[in-house]
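Residue numbers (the working numbering): 2 to 414. We treat Cβ as the ideally placed atom computed from N, Cα and C, and that holds for glycine. All values reported here derive from a predicted model rather than from experimental measurement.
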């Protein structure tokens, strides 16, 4: 493990403003550039650093093949597409003679504890490791460790600082469990080493870590090849369990709901649209209210009459379409009504129409308790009995009988 401070990291470093790193990640998080574009952006920093020493002695020459080897991509078309997207995002200006990593613009996210103008010494070995290909969470966590743990002080590079997984998750928009898993991967490959610190300081500022400035990539021992190596098999790696920072202190629901009614719950009936002659449904020929609504609309259009006979004829036509229309009774009814083909109505259809309309007649015209004809007939029988009883008496008795009959008729009225 490296010392606390040394002149430069082994392998060199690249000075990048903190705001540039955050802006590049922000463009990737907004899906303006892809993860491959972000890796190409890191590889461009490495290309520029390689040619800084020979800039005054000879002309630089940048090729897509060299850039493809750094990002472990064989298809040059993907590299060219990434460079075009980076140029549109104003991150890179590419030409065969010069490559400039331009200022990407202001940083929009609200990041605390970071000075966006501070120069961050990014170790070139780690830059090449990230450009060669790794996961999104590992790149974000590496950026977070660089921002919080790598500093240039008095001409020397310091690699000690504090970094919380929650801060990395909030700043780079990844899950906290993914940040912890990526931090464990960086510890496993030996790039960072956790230092001992109190629990109080860890809760407030995060754990203390030391960056290995003498770190070598695990793949640097293998000979370089023009062909991309085979991808290793992906092994399942579970994230650490998510800790609940706000556990419940008590039960918050003490009043459960009442038990529902027993039995089978039926699905509610589908709501029907208002009946219309423009779109006749089978239910319009079955329900009396919907059939009468169609009759009112037909009267407004001049297809039916408003009289009782016209209504009976209209409903009889609906009964005929309902009885004879086996496949499309609504279409049959619309055809019969449009041509006013009342001759298709049979006696059976008319009887069914009367049965359908009988409910409305009972409600609108209630049946009297005793017909007037029966009352007059009863009064007449009473009068005949009285006259027959007193018919053979004198005139005074006949007048008495007539007065009683008159009283009976008045009561009936």
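Assigned exposure category for residue i - 16 Cβ within 10 Å defines buried
| i | result |
| --- | --- |
| residue 15 | buried |
| residue 181 | buried |
| residue 287 | exposed |
| residue 336 | exposed |
| residue 165 | buried |
| residue 124 | buried |
| residue 17 | buried |
| residue 373 | With a pLDDT of 48 at residue 373, under the threshold of 50, the modelled position of that residue is not reliable, and no figure is offered here. |
| residue 285 | buried |
| residue 192 | buried |
| residue 138 | buried |
| residue 201 | exposed |
| residue 176 | exposed |
| residue 60 | exposed |
| residue 231 | exposed |
| residue 97 | exposed |
| residue 362 | Residue placement at residue 362 is poorly supported in this model, since its pLDDT is 42, which falls under 50; the coordinates still yield a value, given next. Per the 10 Å Cβ criterion, exposed. |
| residue 142 | buried |
| residue 103 | exposed |
| residue 21 | buried |
| residue 1 | Residue 1 lies beyond the stretch modelled for the chain, which goes from 2 to 414, so this question has no answer here. |
| residue 262 | exposed |
| residue 170 | buried |
| residue 172 | buried |
| residue 1 | Residue 1 is absent from the structure shown; the chain starts at 2 and stops at 414. |
| residue 40 | buried |
| residue 129 | buried |
| residue 53 | exposed |
Assumed close pair residue i, residue j - CB separation to whole angstroms, cut-off 8 Å
| i | j | result |
| --- | --- | --- |
| residue 93 | residue 84 | 7 Å |
| residue 100 | residue 45 | 5 Å |
| residue 12 | residue 155 | So it is not a contact: roughly 21 Å between Cβ atoms. |
| residue 352 | residue 324 | That belief does not hold up - the Cβ atoms of residue 352 and residue 324 are roughly 11 Å apart, past 8 Å. |
Per DSSP, cross-strand counterpart(s) of residue i
| i | result |
| --- | --- |
| residue 118 | None; residue 118 has no bridge partner. |
| residue 164 | 208 |
| residue 195 | 210 |
| residue 14 | 124 |
| residue 153 | 158 |
| residue 101 | 94 |
| residue 280 | 277 |
Pair within 8 Å by beta-carbon distance, residue i and residue j
| i | j | result |
| --- | --- | --- |
| residue 208 | residue 195 | yes |
| residue 313 | residue 299 | no |
| residue 131 | residue 140 | yes |
| residue 151 | residue 90 | no |
| residue 145 | residue 211 | no |
| residue 36 | residue 68 | no |
| residue 333 | residue 326 | yes |
| residue 19 | residue 42 | no |
| residue 214 | residue 158 | yes |
| residue 174 | residue 30 | yes |
| residue 305 | residue 315 | yes |
| residue 184 | residue 241 | no |
| residue 38 | residue 77 | no |
| residue 331 | residue 282 | yes |
| residue 318 | residue 338 | yes |
| residue 276 | residue 291 | yes |
| residue 153 | residue 23 | no |
| residue 190 | residue 233 | no |
| residue 354 | residue 320 | yes |
- Item | Inside the region 324 to 360 only - beta strand (DSSP E) runs reaching at least 3 residues | none
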